[in-house]
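Okay, so here's the structure we're looking at.
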Amino acid sequence: MSETLVSVWQAARDRLIAAGVDSPVLDARLLLEAGAGVARLDIVTDPRRLLSAEQAAAVHALVDRRVAREPVSHIVGKKAFWTLDLNVSRAVLTPRPETEFLVEEALKALAPTSPARILDLGVGSGAVLLAVLAERDLASGIGLDISADALDVARGNAETLNLGNRAEFRLGDWSTLFAEQFDLVVSNPPYVPSADIDNLAPEVSKHEPRIALDGGPDGLDAYRAIVARLHDWVKPRGSFAFEVGKGQAAIVEALVTAAGYEVLAASVDFAGVPRVVVGRRAD
Ligand SMILES: C[S@@+](CC[C@H](N)C(=O)[O-])C[C@H]1O[C@@H](n2cnc3c(N)ncnc32)[C@H](O)[C@@H]1O
Numbered sequence: 000m001s002e003t004l005v006s007v008w009q010a011a012r013d014r015l016i017a018a019g020v021d022s023p024v025l026d027a028r029l030l031l032e033a034g035a036g037v038a039r040l041d042i043v044t045d046p047r048r049l050l051s052a053e054q055a056a057a058v059h060a061l062v063d064r065r066v067a068r069e070p071v072s073h074i075v076g077k078k079a080f081w082t083l084d085l086n087v088s089r090a091v092l093t094p095r096p097e098t099e100f101l102v103e104e105a106l107k108a109l110a111p112t113s114p115a116r117i118l119d120l121g122v123g124s125g126a127v128l129l130a131v132l133a134e135r136d137l138a139s140g141i142g143l144d145i146s147a148d149a150l151d152v153a154r155g156n157a158e159t160l161n162l163g164n165r166a167e168f169r170l171g172d173w174s175t176l177f178a179e180q181f182d183l184v185v186s187n188p189p190y191v192p193s194a195d196i197d198n199l200a201p202e203v204s205k206h207e208p209r210i211a212l213d214g215g216p217d218g219l220d221a222y223r224a225i226v227a228r229l230h231d232w233v234k235p236r237g238s239f240a241f242e243v244g245k246g247q248a249a250i251v252e253a254l255v256t257a258a259g260y261e262v263l264a265a266s267v268d269f270a271g272v273p274r275v276v277v278g279r280r281a282d
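At position 66 of the sequence shown the residue is numbered 65 (numbering that gives the first Met the number 0), and the sequence of numbers has no breaks.
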């Protein structure tokens, strides 16, 4: 039987529903586009277009991987974040919609008309640093990560987005020192309590890098290490913004306040969860 764009899409959607995948309609379309090598517009304008046996088999193979709960971002190698289309792989956390609140807070701290230096701690795919640089032509910065493989992905994204001339990437951990201090330090560090990781959706617990998730016994190890170093990284009167997990904002605010910083805001995400702690170094 010949298969068309719409019949393959429907079959994929039904298999994803049966497998308990969260967004079967969208994922089926993304897998159809990637497997058959077609664009969204082709599916909308020419749904009864016939697929070759090879195209149909390629889509079915991608759907098999999604049924096994591999994230769609890993299967297609891409994820939309902010205004950017980022390449992603198993080496990096797939950028999350809630992290766009961190980008928003970072942009509030950076005047469009002034040059600024930014440090992104735990840069991963480059999502936060590159989204900020894309919005602020006069800004430049450094992305730090403990994973060399993640840094390769971030560097590739910076080049693809023509931001490589304003973004540098360094291998290091939360004790890394730089020859300068920064106007803005941003971080979305690992913040899941270790014991909670195996209870997350299989897309996350089995496929995302553990080093990107594991925040230690209470999820707060990275914040404690980062706050301890903040004076070395943030300029006097410079700012910082940290993404936090559900229920962590008040504790992270207390950590930064106890270390002598002013907390400016804790912005709330779509679900009403305080998601970003923003603060400033006074002197
Ligand atoms: C939650 S992911 C965030 C990735 C990216 N910034 C984003 O928002 O999508 C945390 C990142 O921190 C990195 N990381 C974990 N422990 C680290 C450490 N001790 N020093 C530096 N980076 C670390 C991980 O490799 C990972 O890329």
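Don't be surprised by glycine CBs; every beta carbon is placed ideally from N, CA and C.
Go ahead and label residue i buried or exposed: buried means 16 or more other beta carbons lie within 10 angstroms of its beta carbon, across all protein chains shown.
i, result
"Phe-100", "buried"
"Glu-252", "buried"
"Asp-13", "exposed"
"Ala-110", "exposed"
"Gly-34", "buried"
"Phe-241", "buried"
"Glu-207", "buried"
"Arg-169", "exposed"
"Glu-158", "exposed"
"Lys-78", "buried"
"Glu-104", "buried"
"Ser-174", "exposed"
"Leu-283", "As displayed, the chain neither begins before 0 nor continues past 282, which places residue 283 out of reach and without an answer."
"Ala-249", "exposed"
"Leu-176", "exposed"
"Ala-265", "buried"
"Val-102", "buried"
For residue i, which three-state DSSP category applies?
i, result
"Ser-193", "helix"
"Pro-273", "strand"
"Asp-231", "helix"
"Glu-97", "helix"
"Asp-172", "coil"
"Lys-245", "coil"
"Gly-155", "helix"
"Asn-198", "helix"
"Thr-256", "helix"
"Gly-278", "strand"
"Ser-22", "coil"
"Lys-107", "helix"
"Asp-84", "strand"
"Leu-129", "helix"
"Ala-67", "coil"
"Thr-44", "helix"
"Ala-115", "strand"
"Arg-236", "strand"
"Val-226", "helix"
"Ser-139", "strand"
Of all the options the options, which has the alpha carbon lying nearest to the alpha carbon of residue i?
i, options, result
"Ser-1", "Leu-31, His-73, Gln-54, Asp-217", "Gln-54"
"Asn-187", "Val-203, Glu-97, Gly-246", "Glu-97"
"Pro-216", "Pro-208, His-230, Tyr-190, Asp-151", "Tyr-190"
"Ile-210", "Val-275, Asp-148, Arg-68, Gly-271", "Asp-148"
"Asp-84", "Trp-8, Trp-173, Ala-153, Thr-256", "Ala-153"
"Ala-130", "Leu-4, Val-185, Thr-175", "Val-185"
"Gly-155", "Ser-22, Val-102, Gly-76", "Gly-76"
"Ser-193", "Asp-182, Gly-218, Glu-179", "Gly-218"
"Ala-166", "Arg-65, Val-243, Arg-135, Ile-250", "Arg-135"
"Asp-21", "Val-66, Val-226, Ile-74", "Val-66"
"Arg-64", "Phe-181, Leu-162, Lys-205", "Lys-205"
"Ala-90", "Ala-138, Arg-223, Arg-28, Gly-121", "Gly-121"
"Ala-224", "Ser-266, Asp-172, Val-233", "Asp-172"
"Glu-179", "Ala-115, Leu-137, Ser-124, Asp-195", "Ala-115"
"Leu-150", "Tyr-222, Asn-86, Glu-69", "Asn-86"
"Ser-124", "Val-62, Ala-258, Ser-88, Leu-132", "Ser-88"
"Phe-80", "Leu-160, Ala-38, Leu-143", "Leu-160"
"Tyr-260", "Ala-227, Pro-70, Ala-270", "Ala-227"
"Ala-27", "Ala-281, Gly-19, Ala-10", "Ala-10"
Report back the beta-carbon spacing between residue i and residue j to the nearest angstrom; my notes put them in contact at under 8 Å.
i, j, result
"Ser-72", "Thr-44", "About 26 Å; that fails the 8 Å criterion."
"Thr-3", "Arg-48", "6 Å"
"Leu-50", "Ile-42", "Incorrect: roughly 11 Å between the Cβ atoms, too far for contact."
"Leu-106", "Ile-141", "Rounded, the Cβ-Cβ distance is 18 Å, inconsistent with contact."
"Arg-279", "Leu-263", "6 Å"
"Val-243", "Val-203", "Between Val-203 and Val-243 the Cβ distance is about 17 Å, and since that is not below 8 Å, they are no contact."
Closer than 8 Å, CB to CB, is residue i near chain D or not?
i, result
"Glu-104", "As a matter of chain content, chain D is missing from the structure shown, which is built from one protein chain."
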